[in-house]
Amino acid sequence: MPDSWDSKPTRPRIVVEPPGPRAREIIERDKRVLMQSFTRWYPLVVERAENYVVYDVDGNMYIDLNAGIAVLNVGASNPYVVEAASRQLGKLIHYSLTDFYYEEAVRLAEKLVEITPVPKPAKVFFSNSGAESVEAAIKAARASTGRQYIIAFLGAFHGRTMGAVSLTASKPVQRAGFSPLVPSVVHAPYPYPYRCPFKAEEPEECGEAALGFLEEWILGKLVDPSEVAAIVVEPIQGEGGYIVPPDNFLPGLERLAKRHGILLVADEVQTGFCRTGRRFASEHWGVTPDIVSTAKAIAGGLPLGATVGSEQAMRIRPGGHASTFGGNPVSAVAALAALEYMEKERLCERASRLGEAVMKRLREAADSGEAPLIGDVRGKGLMIGVELVKSRETKEPARGEMERILLRMFKRGYLVIAAGASTVRLSPPLTIAEEALMGAVEALIEEIKRESGSQHS
5 MPDSWDSKPT
15 RPRIVVEPPG
25 PRAREIIERD
35 KRVLMQSFTR
45 WYPLVVERAE
55 NYVVYDVDGN
65 MYIDLNAGIA
75 VLNVGASNPY
85 VVEAASRQLG
95 KLIHYSLTDF
105 YYEEAVRLAE
115 KLVEITPVPK
125 PAKVFFSNSG
135 AESVEAAIKA
145 ARASTGRQYI
155 IAFLGAFHGR
165 TMGAVSLTAS
175 KPVQRAGFSP
185 LVPSVVHAPY
195 PYPYRCPFKA
205 EEPEECGEAA
215 LGFLEEWILG
225 KLVDPSEVAA
235 IVVEPIQGEG
245 GYIVPPDNFL
255 PGLERLAKRH
265 GILLVADEVQ
275 TGFCRTGRRF
285 ASEHWGVTPD
295 IVSTAKAIAG
305 GLPLGATVGS
315 EQAMRIRPGG
325 HASTFGGNPV
335 SAVAALAALE
345 YMEKERLCER
355 ASRLGEAVMK
365 RLREAADSGE
375 APLIGDVRGK
385 GLMIGVELVK
395 SRETKEPARG
405 EMERILLRMF
415 KRGYLVIAAG
425 ASTVRLSPPL
435 TIAEEALMGA
445 VEALIEEIKR
455 ESGSQHS
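Under the working numbering, read the sequence shown as residues 5 to 461, first letter to last.
Take a look at the structure:
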């Protein structure tokens, strides 16, 4: 590993207040030619990135706390990944896997079957993104069971293609204007311990209530279980607010699904590949889904999705589903390199250790009154949510305060984004230097404290 990649600064360096002149010029060009169907958190125009350091086009240097939306688990431009992809670029860039064969995809599929917590023997379908990975899971579930209904959860985010967005229920704007969506999708409440939809005081009570509602009301009064193909769940909700469910929820959901012959699909697109301190978040609760959808961090930053499921669950007739670019050989070898690097550098263990240190410090700041806007700190590994509230008694979301905090963090050189209504999400590269990470946490606490002071002044 080159020293220049490992030895990175631990503090940001801002030489021109962002956005600088070059950034502003590019942003204006962007507005003229790109469809503005997505929102940007702040005016960051990236020129290059190495490990956990991001450089903008005006020479500013930032500490990355979002990893390109939980994609760069092995760090940006990881030399292992770059070398593997570069070699492959000179050998074979593309030759559609859905019509022909090449070994790179087979090798990756063999590795994924080995490490993914699904019943064996298992099969893999390759695509290009998280949404496509979920789409494949939906189609496989319907095809293999002969059933049509899919149960998803309120607060969920599964993507924005028509099938995936039909399961998504994170923010109304993500669905508005696209109806009718895919039919036969039913949403159930997700147990959100800090804001339990059933008003339960204890997390375990919230989990039991969510399972009871699903059994008694959804399956008891709305949809016959014999018509349900799959329950699709994020082991930890991502865009919904980095919500960690009670410990009894996922095991209970697995038992419920088995009882009714329903497939359990885990959307591990954001939680997978050591992000939570385990290869897959499902493993925290000893759950074995029938199908696991993956993408994001799988290929070190290159586009790739993989749907992995039991042989019984992954039964679509030949011609029933395909993807021209899915399993691209460059992405496949990049993924093999990224997975090898995660194992060699023990990134799962590192994420767990660093995550515990971060959450300990944030909880201390909340409990001591140092950062009174913090209502809840939750997470596993380096998938951490810091929910900000105007008052701990009312739990009113501090949305405006959070947006100001994120903008000031950006101006200081820290790249932090949000999830849910008012939750700061921390999902840095798992390779981030501990000093850089803890320095960023201190900066965040300072900005929360500053916002608390202005709120009461």
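Glycine is no exception: its CB is placed at the ideal position from the N, C-alpha and C atoms.
Hey, out of A444, G417, E400, whose CA is closest to G424's CA? Taking the sequence shown and counting its residues from 1, the one referred to as residue 424 is at position 420. The candidate whose alpha carbon is nearest that of G424 is E400.
Apart from the five residues just before and just after V337, which ones in its own chain have a Cβ nearer than 7 Å to its Cβ? Within the sequence shown, residue 337 is the residue found at index 333, counting from 1. Counting only Cβ-Cβ distances below 7 Å, and skipping sequence neighbours, we find A88, A89, Q92, E108.
Which residue spans inside the stretch 369–432 form an unbroken alpha helix (DSSP H) run of at least 4? 403–416
Helix, strand or coil at S461 [DSSP, three-state]: As a position in the sequence shown, residue 461 is number 457, starting the count at 1. Residue placement at S461 cannot be trusted, given a pLDDT of 48 that sits under 50; what the coordinates show is reported in the next sentence. In this structure, S461 counts as coil in the three-state DSSP scheme.
Straight-line Cα distance separating E231 from A135: The sequence position of residue 135 within the sequence shown is 131, counting from 1. The sequence position of residue 231 within the sequence shown is 227, counting from 1. Straight-line Cα distance between these residues: approximately 24 Å.
Count the other CB atoms, across all protein chains shown, that sit within 10 Å of the CB of K384; report buried if there are 16 or more and exposed otherwise. Against the sequence shown, residue 384 aligns to sequence position 380. Buried is the call here.
Spatial neighbours of S461 within its chain, please: C-beta separation below 6 Å, excluding the five flanking residues on both sides. What you label residue 461 is simply residue 457 of the sequence shown in a count that begins at 1. In this predicted model, S461 has a pLDDT of only 48, less than 50, meaning its place in the structure is not dependable enough to derive any value.
Measuring straight from C-alpha to C-alpha, what distance separates V128 and T311? Translated into positions along the sequence shown, residue 128 becomes position 124. Translated into positions along the sequence shown, residue 311 becomes position 307. So the alpha carbons of these two residues sit roughly 6 Å apart.
Taking the alpha helix (DSSP H) that Y59 belongs to, which residues open and close that run? Working through the sequence shown from its first residue, we reach residue 59 at position 55. It is not in any alpha helix (DSSP H) - Y59 instead sits in the beta strand (DSSP E) that spans 57–60.
For N235, which beta-bridge partners are listed by DSSP? In the sequence shown, counting from the first residue as 1, residue 235 sits at position 231. Asn is not the amino acid found at residue 235; the sequence shown has Ile there. I155, L268, per the DSSP bridge assignment.
Go to K143, then tell me how far its alpha helix (DSSP H) extends in each direction, as first and last residue. Counting from one through the sequence shown, the residue named residue 143 turns up at place 139. Looking at the DSSP string, the run of the alpha helix (DSSP H) that includes K143 is 134–149.
Can you confirm whether the stretch 63–80 touches the stretch 309–326 when touching is taken to mean that 3 or more C-beta pairs between the two stretches lie within less than 8 Å? no
Does the count of Cβ pairs from the stretch 238–249 and the stretch 182–201 closer than 8 Å reach three? yes
Please report whether the beta-carbon of Q178 lies at a distance below 8 Å from any beta-carbon of chain D. Absent here is chain D; the protein component of the structure consists of one chain.
I'd like to check one pair, M387 with T275: are the Cβ atoms closer than 8 Å? As a working mapping, residue 275 is identified with position 271 in the sequence shown. As a working mapping, residue 387 is identified with position 383 in the sequence shown. Result yes, Cβ atoms of T275 and M387 sit closer than 8 Å.
Let me check you understand the geometry: is the CB of L185 closer than 7 Å to at least one non-hydrogen atom of the ligand GTP? This structure lacks the ligand GTP, and indeed carries no ligand of any kind.
Locate the alpha helix (DSSP H) running through V190, then write down its first and last residues. Reading the sequence shown from its first residue, position 186 is the one you call residue 190. It is not in any alpha helix (DSSP H) - V190 instead sits in the beta strand (DSSP E) that spans 189–192.
Extent of the continuous alpha helix (DSSP H) run through K95: Locating residue 95 in the sequence shown gives position 91, where the first residue counts as 1. First-last for K95: undefined, no H or E at that position.
Which same chain residues end up closer than 7 Å to R354 when comparing Cβ atoms and leaving out the 5 residues on each side of it in sequence? In the sequence shown, the residue the question calls residue 354 occupies position 350. Contacts found: L434.
Does the distance from the C-beta atom of K262 to that of A375 stay below 8 Å? Taking the first residue of the sequence shown as position 1, residue 262 is located at position 258. Taking the first residue of the sequence shown as position 1, residue 375 is located at position 371. No, these two residues do not count as a Cβ contact at 8 Å.
Which residue wins for smallest C-alpha separation from G72, given the options E439, A422, R15, S456? Position 68 of the sequence shown, counting from 1, holds the residue named residue 72. Of the candidates E439, A422, R15, S456, the one whose C-alpha sits nearest the C-alpha of G72 is A422.
So, is R52 buried or exposed, given that buried needs 16 or more other C-beta atoms within 10 angstroms? Locating residue 52 in the sequence shown gives position 48, where the first residue counts as 1. It is exposed - the Cβ of R52 has fewer than 16 other Cβ atoms within 10 Å.
Going by other Cβ atoms of all chains shown within 10 Å of its Cβ, with 16 needed for buried, is K300 buried or exposed? Walking along the sequence shown from the start, residue 300 turns up at place 296. Its Cβ being crowded by 16 or more others within 10 Å, K300 is buried.
Considering only DSSP beta bridges, list what A126 is partnered with. For the purposes of this step, residue 126 is taken as residue 122 along the sequence shown, with counting starting at 1. Partner(s): S314.
Distance, Cα to Cα, P23 vs S456? Locating residue 23 in the sequence shown gives position 19, counting from the first residue. Locating residue 456 in the sequence shown gives position 452, counting from the first residue. Using only the alpha carbons, I get a separation of about 26 Å.
In whole angstroms, give me the CA-to-CA distance for G94 and K175. Counting from 1 along the sequence shown, the entry for residue 94 is found at position 90. Counting from 1 along the sequence shown, the entry for residue 175 is found at position 171. Each residue's Cα considered, the two are about 43 Å apart.
If you draw a straight line from the alpha carbon of R26 to that of E368, how long is it in whole angstroms? Numbered from its first residue, the sequence shown carries residue 26 at position 22. Numbered from its first residue, the sequence shown carries residue 368 at position 364. Whole-angstrom Cα-Cα distance: 41 Å.
With a threshold of 16 other CB atoms inside 10 Å of the CB of R382, please say whether the residue is buried or exposed. Residue numbering aside, residue 382 sits at position 378 when the sequence shown is read from its first letter. So R382 ends up on the buried side.
Taking only the alpha-carbon atoms, compute the straight-line gap between G330 and F130 and give it to the nearest angstrom. Position 326 of the sequence shown holds residue 330. Position 126 of the sequence shown holds residue 130. In a straight line, the C-alpha of G330 is about 5 Å away from that of F130.
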